[in-house]
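Residues 1494 to 1883 in this note's numbering are what the sequence shown spells out, letter by letter. Down below is the structure, laid out as structure tokens.
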Amino acid sequence: MTIDFSNTEIAFAHLSDRELKKTAWLFNLMNKPWLVKYGSALALWAVENGIPLAEWAVKKTVFKQFVGGTTLLDSQPSIERLAEYNTLTILDYGAEAKETEVDFNNTMRENIRAIDFASRSVKSIPIISTKVTGLIRFGLLERIQSAETLNREELSEYRNALKRLDAICYHASKKNVSVFIDAEESWIQDAIDHLVWLMMRRYNKQRVVVYNTFQFYRHDRLHFLTESYDRARKEGFLLGAKLVRGAYMEKERARAKELNYEDPINPDKASTDDLYNTALRFCIDHVDNLAVCNASHNAESALLQVELMEKKGLAHDHPNTLFSQLYGMSDNVTFNLAKAGFRVAKYLPYGQVKEVIPYLIRRAQENTSVTGDAGRELKLVREEVRRRGI
């Protein structure tokens, strides 16, 4: 079957005329790189320094576009509206860059609350997402990856982090919820992969509770995916694989150049696309023994999965397959897939404005005309505005 991702009537059916016009206005602003650059810096400074009305201004603009709400309950209307259009929700507590044991424990407790919340509506919220750096110091992960000898305090920190991650995954296993564990920078990713491996081996015996994330802008990740699959088969558990292209390219390239080691990133976008699509083929070929999430905004990759599933005779709502896009972006992909009966989800962050502002700035930066994302989104929204005659 073919899916028309240019069908804006389906893509924006969930938006009222007023919401659609506001979305068009917002993407028009984000289409101006200078405005995003200086506006992001100003917003971050204003929110961090408690400038009056700063949080209100953020909340009324980018927050509402890209975030479900300040709390789980506050996000409920967004979750219910997605469910009305056959779209699942992946809950993502948006707090980032924590450094203290108190903060790490708070993040663990919030993830457990999110699992409890999801378990009450597991048909519409099957998964939560978390970052290992929300549970352990970045610097400690760097030391672990560098194979440095940890002192007694660091060993204690590491054991505490392992307990936090285990508590989250254990709770998810008991509540019939799954956990996506995000990929991060390459110089801490091996340490993260080891932790995720321990969790998958422990909890993925009967079903896929824990998913690792594979970044295919890295040239070594296809080998890592197939190796992970073979190892999971040998050790008697199911692999959970969330596929992404990757989000730290500039940072990765700059560090490789500065420290004079091989750039881990593919030389061009075409190479990344080839690796990503090869990985997708591998996962659909082995879908009986793994679960895959095609977490991409790329229409070609979405159509490839549709084609592969059709060819293999898989049901559109096969439980081991999922598509996902970020809330507030690529609605043309999400809702046209949902309309065709595929399992598709929106990644829905939530949290206080202060906590999610780094996430919001990344979304705004991704949607500048430099990347073309805002231009594409804006074009689709404008087409729907014209179609409705508003």
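Where is the CB? At the ideal position from N, CA and C, for every residue including glycine. Quick caveat: nothing in here was measured; it's all calculated off a predicted structure.
* To do: Just mark residue 1883 as buried or exposed, buried being the case when its beta carbon has 16 or more other beta carbons within 10 Å.
  => Exposed is the label assigned to residue 1883, since fewer than 16 other Cβ atoms lie within 10 Å of its Cβ.
* What are the start and end residues of the alpha helix (DSSP H) that includes residue 1515? -> Run containing residue 1515: 1510-1523, per the alpha helix (DSSP H) assignment.
* For residue 1710, name the three-state secondary structure that DSSP assigns. => coil
* To do: Sort out for me which residues DSSP pairs residue 1758 with in a bridge.
  => In the DSSP output, where bridge partners are listed per residue, residue 1758 has 1711.
* residue 1842 lies in the beta strand (DSSP E); which residues open and close that run? -> Residue 1842 -> beta strand (DSSP E) spans 1837-1843.
* Return the CA-CA distance between residue 1830 and residue 1817, expressed in angstroms with no decimal places. => Between residue 1830 and residue 1817, the C-alpha separation is close to 10 Å.
* Expected contact under 8 Å - CB spacing of residue 1797 and residue 1770 to nearest Å -> 6 Å
* Can you tell me which of the three DSSP states residue 1649 falls into? => Of the three classes helix, strand and coil, the one that applies to residue 1649 here is helix, per DSSP.
* Asked: Would you say the segment 1745-1754 touches the segment 1779-1795, given that touching needs at least three Cβ pairs under 8 Å?
  -> no
* Whole angstroms is fine: what's the gap from residue 1572's alpha carbon to residue 1780's? => Computed Cα separation, rounded: 28 Å.
* Asked: Taking the runs of the alpha helix (DSSP H) that are 4 residues or longer, which of them lie wholly in the segment 1759-1803?
  -> 1762-1778
* Could you give the residue range of the alpha helix (DSSP H) that holds residue 1501? -> Run containing residue 1501: 1501-1504, per the alpha helix (DSSP H) assignment.
* Leaving out the 5 sequence neighbours to the left and right, which residues in its chain are closer than 6 Å to residue 1675 when beta-carbon positions are compared? -> 1624 and 1706
* So, helix, strand or coil for residue 1862, using DSSP? -> Note that residue 1862 scores a pLDDT of 48, beneath 50, so its modelled location is shaky; the value from the coordinates is reported in the next line. Three-state result, residue 1862: coil.
* **Same chain only: Cβ atoms within 8 Å of residue 1863, ignoring 5 sequence neighbours per side** => Confidence is the limiting factor: at residue 1863 the pLDDT is only 46, short of 50, which leaves the residue's position unreliable, though a coordinate-based value still follows. The residues are 1526.
* Asked: Three or more beta-carbon pairs under 8 Å between the segment 1692-1708 and the segment 1633-1648, yes or no?
  -> no
* Asked: Closest by CA to residue 1599, which one among 1626, 1717, 1666 and 1636?
  -> Of the candidates 1626, 1717, 1666 and 1636, the residue whose Cα lies closest to the Cα of residue 1599 is 1626.
* Using three-state DSSP, classify residue 1612 as helix, strand or coil. => helix
* **Bounding residues of the alpha helix (DSSP H) (the contiguous stretch that carries residue 1544)** => DSSP places residue 1544 in no alpha helix (DSSP H); its state is neither H nor E.
* Asked: Alpha carbon to alpha carbon, how far is residue 1870 from residue 1637?
  -> Approximately 41 Å, taken between the alpha carbons.
* Asked: To the nearest angstrom, how far is it from the Cα of residue 1546 to the Cα of residue 1856?
  -> 21 Å
* To do: Could you check if residue 1575 is buried or exposed, using at least 16 other CB atoms within 10 Å of its CB as the buried criterion?
  => So residue 1575 counts as buried.
* Asked: Going by the CB atoms, is the gap between residue 1619 and residue 1671 shorter than 8 Å?
  -> yes
* Asked: With DSSP run on the structure shown, which of helix, strand or coil describes residue 1815?
  -> Annotated three-state conformation of residue 1815 is strand, per DSSP.
* Looking at the structure shown, is residue 1807 part of a helix, part of a strand, or coil, going by DSSP? -> coil
* To do: State the Cα-Cα distance for the pair residue 1700 and residue 1814, rounded to the nearest angstrom.
  => 13 Å
* Could you check if residue 1536 is buried or exposed, using at least 16 other CB atoms within 10 Å of its CB as the buried criterion? => buried
* To do: Give me the Cβ distance between residue 1783 and residue 1561, rounded to the nearest whole Å; I'm assuming they're in contact under 8 Å.
  => Your pair residue 1783 and residue 1561 does not check out as a contact, with CB atoms roughly 29 Å apart and the cut at 8 Å.
* Would residue 1710 pass as a contact of residue 1738 if the rule is Cβ separation under 8 Å? -> yes
* Residue ranges of each beta strand (DSSP E) within the segment 1655-1686, 3 or longer -> 1671-1674
* Asked: Mind checking residue 1494: buried by the 16 CB within 10 Å criterion, or exposed?
  -> So residue 1494 ends up on the exposed side.
* Asked: If you count every other CB in all the chains shown that lies within 10 Å of the CB of residue 1799, and 16 or more means buried, which is it?
  -> buried
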